[in-house]
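What follows is a short report on a single structure.
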C-alpha cells in the first residue's frame, strides 16, 4: 500500500482488522523505510487503536520513529469497560510507552482521544 502512495500525507488506520490480522499475528518490519513515511506523511489518525496488542504497538512505534514530517498523530484507543479497572491502568501504561517513543519528527504532536 505504501509503495503505491509515495506522496501520502494523511494516513488513517482503523483497528477493526481482526479478520485480516488476528491476535497473535506477527508484524514484520520492512527492510527499508518507505519514501512516504520519510518525506511526506504529515498526519496519522488511528481509530480503534488496539493498545493491548504488541504487533499494533510495533506498527505505531515504527511509524512514529520514521515519519520525519509528521505533524500530528492522533490515536483513539479501544475502550475499557467500567468494571475493568486493572485494564485501565494497563492501557494508561501502554499509552505512556507510546508517548515516550523517540519520534522521527521533532514537531510531532501526539494526541490520545476517546471515541
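Residue numbers (full-length UniProt numbering): 1 to 115. Each residue gets a CB set at the ideal place from its N, CA and C atoms; glycine is no exception. Everything numeric in this text was worked out from a predicted model, so none of it was measured.
Going by beta carbon distance, what residues of the same chain come within less than 8 Å of residue i, once the five residues before and after it are set aside?
{"i": "residue 57", "result": "51, 94, 97 and 98"}
{"i": "residue 2", "result": "8, 34, 36 and 37"}
{"i": "residue 88", "result": "80"}
Considering only DSSP beta bridges, list what residue i is partnered with.
{"i": "residue 14", "result": "47"}
{"i": "residue 72", "result": "43 and 109"}
{"i": "residue 77", "result": "49"}
In its own chain, which residues sit with a C-beta less than 6 Å from the C-beta of residue i, not counting the 5 before and 5 after it?
{"i": "residue 64", "result": "101 and 103"}
{"i": "residue 10", "result": "43"}
{"i": "residue 59", "result": "27"}
Considering only residues of the same chain and omitting the five flanking positions on each side of residue i, which have a CB-CB separation below 7 Å?
{"i": "residue 14", "result": "47 and 48"}
{"i": "residue 45", "result": "12 and 74"}
{"i": "residue 112", "result": "75, 77 and 95"}
{"i": "residue 29", "result": "62"}
{"i": "residue 91", "result": "51, 77 and 80"}
Does the separation of the CB atoms of residue i and residue j fall below 8 Å?
{"i": "residue 110", "j": "residue 69", "result": "no"}
{"i": "residue 53", "j": "residue 108", "result": "no"}
{"i": "residue 86", "j": "residue 55", "result": "no"}
With a cut-off of 8 Å on the beta carbons, I'd call residue i and residue j a contact; round off their distance for me.
{"i": "residue 76", "j": "residue 115", "result": "5 Å"}
{"i": "residue 67", "j": "residue 105", "result": "6 Å"}
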